[in-house]
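With the numbering used here applied, the sequence shown covers 1 to 268. Heads up, the thing below is written out as structure tokens.
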Amino acid sequence: MKVLVIGAGNMGLTYSEGMSQSPLLGKHNLKIYDTDPKKISTLRENPNFDVYESLEDCLPKADIVFIAVKPYHSESLFEDMKPMINQQQIFVSLMAGVTIDTIQEQLGAKKVIRTMPNLPAKVGKGVTSYTESKAVSRVELLMVRNLLDTTGTSIHVDTEKYIDASTGISGSGPAYVFYFMQSMLEAAQKMGFSDYDSKVLVSNTFEGAIELFNQSNISPETWIDRVASKGGTTQAAIDSMEDNNVKQRIQEAAYAAFDRAVELGNDK
1 MKVLVIGAGN MGLTYSEGMS QSPLLGKHNL KIYDTDPKKI STLRENPNFD
51 VYESLEDCLP KADIVFIAVK PYHSESLFED MKPMINQQQI FVSLMAGVTI
101 DTIQEQLGAK KVIRTMPNLP AKVGKGVTSY TESKAVSRVE LLMVRNLLDT
151 TGTSIHVDTE KYIDASTGIS GSGPAYVFYF MQSMLEAAQK MGFSDYDSKV
201 LVSNTFEGAI ELFNQSNISP ETWIDRVASK GGTTQAAIDS MEDNNVKQRI
251 QEAAYAAFDR AVELGNDK
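In structure tokens, the structure reads:
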């Protein structure tokens, strides 16, 4: 099985590095294509995959093609790709907001899998939702899932609606976490902690809370009740958040990302 990754940006490189460790791929079966001379030069220092700067030299021979370019580059890229593809190839999109129908129409391909990855894939903690066109077989879908799982975990969804929805939760979600972390960092610094101590306090608090959640079947609400005592410090913080509708604002933010993902798809 020969895999080609088109685009060596954050996601393209992340998935290339993850898949390079997969037992499904032998040496020289993972290829990466980019047009940036600096990236190409850096990539060629990595022995785990072959680097190309010409589509003609790599695209026709690939079995699975990961497309990891910015959505606004997709139309011109598809024009270049279209004469070189065949109908047995599987195209896996890592692009936000580009629908399966759009890819099939502009690229002229039948087998398309649309995904929504997220940034923690860079450290093997990513979550990727994915769905497929009718032409993709169960065996082919399983092969792609195994490749996606090299960067963390993946979940199959029935329709593209849930790809857009997962954009609002997992795709954009790391930014929400960082936003909350930044707010807590600034609060710690205002209380007099050093930058280093603030980082330790915040990062370990997040890590510990997530570990507690993952190692139990207890809901976040129950954990809140276990931390907060009536009239205590934690309850004062929770009351402040409730008074300011923080939960509602977070949900509205997630829906804003969801709605924007739908808009991007409709613009294509």
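We put the CB at the ideal spot given by N, CA and C, even for glycine.
Per DSSP, what kind of secondary structure is residue i in: helix, strand or coil?
i, result
"V200", "helix"
"T205", "helix"
"L4", "strand"
"V98", "coil"
"D50", "strand"
"L25", "coil"
"F193", "coil"
"Q104", "helix"
"V144", "helix"
"S74", "helix"
"G173", "helix"
"T159", "coil"
"I218", "coil"
"R44", "coil"
"K61", "coil"
Tell me the DSSP bridge mates of residue i?
i, result
"Y179", "Paired residue(s): none; Y179 is not in a bridge."
"G152", "G126"
"S93", "I67, R114"
"I32", "V5, V51"
"E132", "I113"
Cα-Cα, which of the options is closest to residue i?
i, options, result
"S22", "I90, K82, K2", "K2"
"K39", "G12, C58, D57", "G12"
"D57", "Y33, K134, F78", "Y33"
"A8", "Y52, D158, E186", "Y52"
"L201", "M181, A228, R138, P83", "M181"
"V123", "Y15, D267, K247", "Y15"
"T222", "A187, N244, A209", "A209"
"S166", "N245, Y255, M143", "Y255"
Can the beta-carbon of residue i be found closer than 8 Å to that of residue j?
i, j, result
"A68", "Q89", "no"
"Y179", "H156", "no"
"G152", "V127", "yes"
"D50", "K31", "yes"
"V112", "I100", "yes"
"K110", "A135", "yes"
"D80", "L55", "yes"
"L264", "P174", "no"
"Q106", "E75", "yes"
"M116", "S170", "yes"
"M321", "L25", "Nothing about residue 321 can be read from this structure; the chain reaches only from 1 to 268."
"A236", "S172", "no"
Throw me the rounded Cβ distance for the residue i and residue j pair, which I believe falls under 8 Å.
i, j, result
"A261", "D164", "4 Å"
"I103", "V65", "Going by Cβ atoms, the distance from I103 to V65 rounds to 11 Å, so no, they are not a contact pair."
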